[in-house]
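What follows is a set of notes on a single structure, which appears directly below.
2 protein chains.
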Amino acid sequence: MAHVANDDPASPVQRERRTRILDATITLASRGGFEAVQMRAVAEQSDVALGTLYRYFPSKIHLLVSALAREFERADAAMAANPVPGDTAADRVVHVLRAMTRGLQDDPHLTEALTRAFMFADRSARHEINHVGTLLARILTRAVRSDVVDPERDATDEELAIARVIGDVWLASLMAWVTGRSDAEQTQAHLERAVRLVLR
Amino acid sequence: MAHVANDDPASPVQRERRTRILDATITLASRGGFEAVQMRAVAEQSDVALGTLYRYFPSKIHLLVSALAREFERADAAMAANPVPGDTAADRVVHVLRAMTRGLQDDPHLTEALTRAFMFADRSARHEINHVGTLLARILTRAVRSDVVDPERDATDEELAIARVIGDVWLASLMAWVTGRSDAEQTQAHLERAVRLVLR
DNA sequence: TCTCGAAGTGGAACGTGTTCCTATCATGGC
DNA sequence: GCCATGATAGGAACACGTTCCACTTCGAGA
Numbered sequence: 016m017a018h019v020a021n022d023d024p025a026s027p028v029q030r031e032r033r034t035r036i037l038d039a040t041i042t043l044a045s046r047g048g049f050e051a052v053q054m055r056a057v058a059e060q061s062d063v064a065l066g067t068l069y070r071y072f073p074s075k076i077h078l079l080v081s082a083l084a085r086e087f088e089r090a091d092a093a094m095a096a097n098p099v100p101g102d103t104a105a106d107r108v109v110h111v112l113r114a115m116t117r118g119l120q121d122d123p124h125l126t127e128a129l130t131r132a133f134m135f136a137d138r139s140a141r142h143e144i145n146h147v148g149t150l151l152a153r154i155l156t157r158a159v160r161s162d163v164v165d166p167e168r169d170a171t172d173e174e175l176a177i178a179r180v181i182g183d184v185w186l187a188s189l190m191a192w193v194t195g196r197s198d199a200e201q202t203q204a205h206l207e208r209a210v211r212l213v214l215r
Numbered sequence: 016m017a018h019v020a021n022d023d024p025a026s027p028v029q030r031e032r033r034t035r036i037l038d039a040t041i042t043l044a045s046r047g048g049f050e051a052v053q054m055r056a057v058a059e060q061s062d063v064a065l066g067t068l069y070r071y072f073p074s075k076i077h078l079l080v081s082a083l084a085r086e087f088e089r090a091d092a093a094m095a096a097n098p099v100p101g102d103t104a105a106d107r108v109v110h111v112l113r114a115m116t117r118g119l120q121d122d123p124h125l126t127e128a129l130t131r132a133f134m135f136a137d138r139s140a141r142h143e144i145n146h147v148g149t150l151l152a153r154i155l156t157r158a159v160r161s162d163v164v165d166p167e168r169d170a171t172d173e174e175l176a177i178a179r180v181i182g183d184v185w186l187a188s189l190m191a192w193v194t195g196r197s198d199a200e201q202t203q204a205h206l207e208r209a210v211r212l213v214l215r
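Which chain is which? The protein sequence lines are A and B, in order. For what it's worth, the numbering used here labels the leading residue of the first sequence as 16, then goes sequentially. For what it's worth, the numbering used here labels the leading residue of the second sequence as 16, then goes sequentially.
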């Protein structure tokens with residue numbers, strides 16, 4: 016039941032194993048989407064026994080959401096490194112959304128796999144899901160307020176609410192895109208429309 | 016491959032069978048959530064062979080999303096019957112959201128089953144998903160504009176965009192609630208906050 | 001009424017996520 | 001160095017979604 020905690024792998028060996036497993040997950044997802052991420056295949060490709068894989072990640076959903084979290088951590092770090100361009104909050108948010116959306120649409124299979132896992136997750140994966148949600152909110156909140164005079168001041172309730180609403184719309188758009196209900200152009204248009212509605 | 020179309024069951028017998036299957040689905044979902052809706056159980060309870068069940072609904076996801084669609088159709092019809100109370104668009108939308116949310120929270124297992132199926136759906140279920148999305152948009156659009164002077168006039172782009180954004184936030188909130196990341200109170204607060212942000 | 005194709009039945013079979021078991025391996029404390 | 005204990009390997013076993021097949025029943029048209 017208990018598995019290796021995300022942020023506290025006991026040993027460097029385990030940390031490295033975890034990395035290998037997530038790498039294999041991304042590779043397989045990128046190649047064939049959700050259905051191609053088969054637990055036996057992940058175990059084989061990361062050179063780990065099936066039982067070990069399940070010790071590290073208690074389900075396929077946990078595995079994929081953890082992979083998503085790692086991607087978001089990278090994106091967050093990359094965006095934190097250099098300031099978001101744009102004069103208004105709306106400009107910056109649109110810029111960030113455009114970057115994220117483009118990144119995803121460049122790898123449709125990976126996006127499909129990670130998105131569907133995220134959406135399908137149940138209570139047992141709420142910590143991982145929450146982590147992803149937090150990262151998304153952080154990225155958007157930074158875009159919304161990256162020109163405030165005192166960046167150390169906590170974000171206001173309103174800034175947080177705006178970031179959350181935009182995040183919600185982004186997730187719904189992602190879902191629509193993954194299910195083939197809207198193409199890249201429609202997705203982007205809807206996102207920008209929503210940003211303009213919320214940020215004014 | 017081809018299954019009985021939703022809106023054109025060939026015979027009354029088939030229509031009645033379809034109803035029985037969806038009833039069984041709702042019953043099982045209400046009792047034990049997504050995992051309790053097992054195809055063999057649905058077939059048995061609706062007194063139909065497994066192969067027949069698959070002829071009517073090509074997958075568990077199609078089945079559950081179709082059940083969700085039927086629920087939304089009922090809700091839509093009920094709400095179309097008598098006008099939404101409230102003086103402002105925001106009031107009416109909040110009222111509708113509150114009603115829908117309460118209805119769902121009264122049956123957590125059913126909500127979990129239908130929501131997760133909706134979120135997990137892939138391209139093969141895009142028609143069913145789209146139908147649900149259309150119904151949701153229709154319900155919200157009506158709430159937004161139910162006091163316009165000429166209700167026959169088509170909704171404006173802005174009215175539609177507002178309804179879509181609110182629908183997106185509602186879906187995301189539903190997901191957060193299902194995964195246990197937010198309780199009923201937080202969900203409602205976030206929804207109302209979003210409505211106020213978008214409608215002004 | 002007879003016939004024929006579509007629809008339904010009952011159940012075996014298969015794939016993949018998940019669990020479980022036993023033997024082996026690695027590591028920290030003596 | 002040696003042991004105790006937890007981690008891993010390897011793989012069988014199980015559950016449930018899905019597919020398939022052989023047979024039967026139903027119903028519309030000749």
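Note that the Cβ used here is the ideal one computed from N, Cα and C, for glycine as well.
Chain A places no beta carbon closer than 8 angstroms to that of residue 47 (chain B), leaving this residue out of the contacts.
With 16 or more other Cβ atoms from the protein chains shown falling within 10 Å of its own Cβ, residue 203 (chain B) counts as buried. Non-local C-beta neighbours of residue 95 (chain A) in its own chain, meaning closer than 8 angstroms and more than five positions away in sequence, comprise 157, ordered along the chain.
In the structure shown, residue 126 (chain B) adopts helical secondary structure according to DSSP, grouped into three states. Interface residue (Cβ-Cβ distance to chain B less than 8 angstroms): residue 79 (chain A) is not classified as such. Closer than 7 angstroms at the C-beta level to chain A, one finds these residues of the segment 107-136 of chain B: 131, 134, 135, 136. Under the 8 angstroms Cβ criterion, the segment 146-155 of chain B does not count as touching the segment 147-156 of chain A, having fewer than three qualifying pairs. Within the segment 43-70 of chain A, contact with chain B at the beta-carbon level (separation under 7 angstroms) is assigned to no residue.
For residue 182 (chain A), the enclosing alpha helix (DSSP H) covers residues 172-193.
Classified as exposed, residue 200 (chain B) has fewer than 16 neighbouring CB atoms from the shown chains inside 10 Å of its CB. Of the residues assessed, residue 129 (chain A) falls on the buried side of the cut-off, its CB having 16 or more other CB atoms within 10 angstroms. In the three-state DSSP reduction, residue 62 (chain A) falls in the coil class, being neither helix nor strand. Interface with chain A (8 angstroms Cβ-Cβ cutoff): residue 194 (chain B) is included. Taking a cut-off of 8 angstroms on C-beta distances, the segment 68-79 of chain B touches the segment 131-146 of chain B, as three or more cross pairs fall below it. Residue 184 (chain B) reaches chain A at 179, 180, 183, 184, 187, counting residues in chain order whose Cβ is nearer than 9 angstroms.
Contact check for residue 108 (chain B) against residue 181 (chain B) passes: the beta carbons are separated by less than 8 angstroms.
Membership of residue 87 (chain B) in the alpha helix (DSSP H) is indicated by the continuous run 75-96.
Contact annotation: residue 83 (chain B) and residue 147 (chain B) have beta-carbon atoms nearer than 8 angstroms.
Proximity of the segment 35-42 of chain B to the segment 87-103 of chain B falls short of the contact definition, fewer than three beta-carbon pairs being nearer than 8 angstroms.
At a cut-off of 8 angstroms between beta carbons, residue 163 (chain B) makes no contact with chain A.
For residue 47 (chain A), the enclosing alpha helix (DSSP H) starts and ends at 27-47. Between residue 96 (chain A) and chain B, the shortest Cβ-Cβ separation is not below 8 angstroms.
Closest option to residue 190 (chain B), judged by alpha-carbon separation, among B:168, B:123, B:214: B:123. Going by DSSP, residue 99 (chain A) is part of no alpha helix (DSSP H) at all; its letter is neither H nor E. Note that the segment 99-119 of chain A does not touch the segment 164-176 of chain B; fewer than 3 beta-carbon pairs, one per stretch, sit closer than 8 angstroms. The DSSP-derived three-state label of residue 161 (chain A) is coil. Of the other Cβ atoms in all chains shown, fewer than 16 fall within 10 Å of the Cβ of residue 118 (chain B); this residue is therefore exposed.
Between residue 131 (chain B) and residue 193 (chain B), the beta carbon gap of about 7 angstroms places them in contact (Cβ cut-off 8 angstroms). About 13 angstroms separates the CB atoms of residue 36 (chain B) and residue 80 (chain B); that is not less than 8 angstroms, and the two are not in contact. Taking 8 angstroms as the CB threshold, residue 153 (chain B) stays off the interface with chain A. The shortest CA-to-CA distance from residue 55 (chain B) to any of B:34, B:48, B:66, B:46 is the one to B:66. Sequence-distant partners of residue 184 (chain A) (beyond 5 residues in either direction) whose C-beta falls short of 6 angstroms from its own C-beta, in its chain, are 209.
For residue 138 (chain A), the neighbours in chain B by C-beta distance under 7 angstroms run, in chain order, 194, 195. With 16 or more neighbouring CB atoms inside 10 Å of its own CB, residue 127 (chain B) falls in the buried class. Under the Cβ distance rule, residue 37 (chain A) does not count among the residues neighbouring chain B, no pair being separated by less than 8 angstroms. At a cut-off of 8 angstroms between C-beta atoms, residue 208 (chain A) counts as an interface residue with respect to chain B.
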